[in-house]
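Asker: In my numbering, the protein residues as written are -1 to 159.
Note that beta-carbon positions come from the ideal geometry of N, C-alpha and C, so glycine has one too.
This is the structure I want to talk about, given as structure tokens.
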């Protein structure tokens, strides 16, 4: 039953605090991520929850973290994903080809290895920590350290986005 404790009455109908808080959270999320694809958010949240629940139940990890990293990029940066197993990069943001690298909760260190032969102008590093909290850093290829060879190791802590 709705009353003044869990809703407000306005213009002839009850509006719950849950509805208000959900709307405010969505507005804050959209302000934080202007390229937000809001339809992907529940899919991302569900997949992340499944990965976490499976780990808590079995002690093993599902092989979904790369997909979660790509979904994070689609949600937060408007990344348009290429078809699965496309050569060169994972997707595009505007005219920029983007390589997505995901640091998984079970990884012993926070480093990624980039194949510099791949065709990309930006790198999105997504970190899913042991508490299943997700963060990302988008870096221009031009800002990467110069190295000899075709691969580059990057530490999460050393990357400034």
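Between which two residues does the alpha helix (DSSP H) harbouring residue 138 extend?
Answerer: Numbered from its first residue, the chain shown carries residue 138 at position 140. Element bounds for residue 138: not the alpha helix (DSSP H) but the beta strand (DSSP E), 132 to 138.
Asker: So the alpha helix (DSSP H) residue 51 belongs to, where does it begin and stop?
Answerer: Locating residue 51 in the chain shown gives position 53, counting from the first residue. 39 to 56 is the extent of the alpha helix (DSSP H) around residue 51.
Asker: Please name the residue or residues paired with residue 66 in a DSSP beta bridge.
Answerer: The residue given as residue 66 occupies position 68 in the chain shown. DSSP lists no partner for residue 66.
Asker: Enumerate in chain order the residues of its own chain whose CB-to-CB distance from residue 39 is below 7 Å, with the five nearest sequence positions on each side excluded.
Answerer: As a first step, residue 39 must be located in the chain shown, where it is residue number 41. Cβ neighbours of residue 39 beyond the five flanking positions: 73.
Asker: Measuring only the C-alpha atoms, how far is residue 30 from residue 136?
Answerer: Here residue 30 refers to the residue found at position 32 when the chain shown is read from its first residue. Here residue 136 refers to the residue found at position 138 when the chain shown is read from its first residue. Approximately 15 Å between the Cα atoms of the pair.
Asker: With a cut-off of 8 Å, do at least 3 Cβ pairs link the region 105 to 117 to the region 74 to 84?
Answerer: In short, these stretches do not touch, since the Cβ pair count stays below three.
Asker: Just tell me which of 68, 127, 7, 140 has its CA closest to the CA of residue 50.
Answerer: Reading the chain shown from its first residue, position 52 is the one you call residue 50. The residue with the shortest Cα to Cα distance from residue 50 is 127.
Asker: Could you give the distance in angstroms between the alpha-carbon of residue 5 and the alpha-carbon of residue 27?
Answerer: In the chain shown, residue 5 corresponds to position 7, counting from 1. In the chain shown, residue 27 corresponds to position 29, counting from 1. Distance between the alpha carbons of residue 5 and residue 27: 23 Å.
Asker: Which whole-angstrom value is the C-beta distance of residue 33 and residue 75, which I expect to be below 8 Å?
Answerer: Taking the first residue of the chain shown as position 1, residue 33 is located at position 35. Taking the first residue of the chain shown as position 1, residue 75 is located at position 77. The pair is a contact, with the Cβ atoms about 6 Å apart (cut-off 8 Å).
Asker: With a threshold of 16 other CB atoms inside 10 Å of the CB of residue 88, please say whether the residue is buried or exposed.
Answerer: In the chain shown, the residue the question calls residue 88 occupies position 90. Label assigned to residue 88: buried.
Asker: Taking C-alpha atoms, which residue in 140, 118, 146, 66 lies nearest to residue 175?
Answerer: For the chain, the structure presents residues -1 to 159; residue 175 sits outside this window and is missing.
Asker: Please classify residue 104: is it buried, with 16 or more other beta-carbons within 10 angstroms of its beta-carbon, or exposed?
Answerer: Locating residue 104 in the chain shown gives position 106, where the first residue counts as 1. By the 10 Å Cβ count, residue 104 comes out exposed.
Asker: Considering just the uninterrupted stretch of the beta strand (DSSP E) at residue 94, what are its terminal residues?
Answerer: Locating residue 94 in the chain shown gives position 96, counting from the first residue. Unbroken beta strand (DSSP E) run through residue 94: 94 to 101.
Asker: Helix or strand or just coil, what does DSSP make of residue 124?
Answerer: For the purposes of this step, residue 124 is identified with residue 126 of the chain shown, where counting begins at 1. If DSSP states are grouped into helix, strand and coil, residue 124 belongs with the strands.
Asker: Between the Cα of residue 149 and those of 116, 56, 124, spot the shortest distance and give me the residue it belongs to.
Answerer: Position 151 of the chain shown, counted from the start, is the residue given in the question as residue 149. Here the closest residue by C-alpha is 116.
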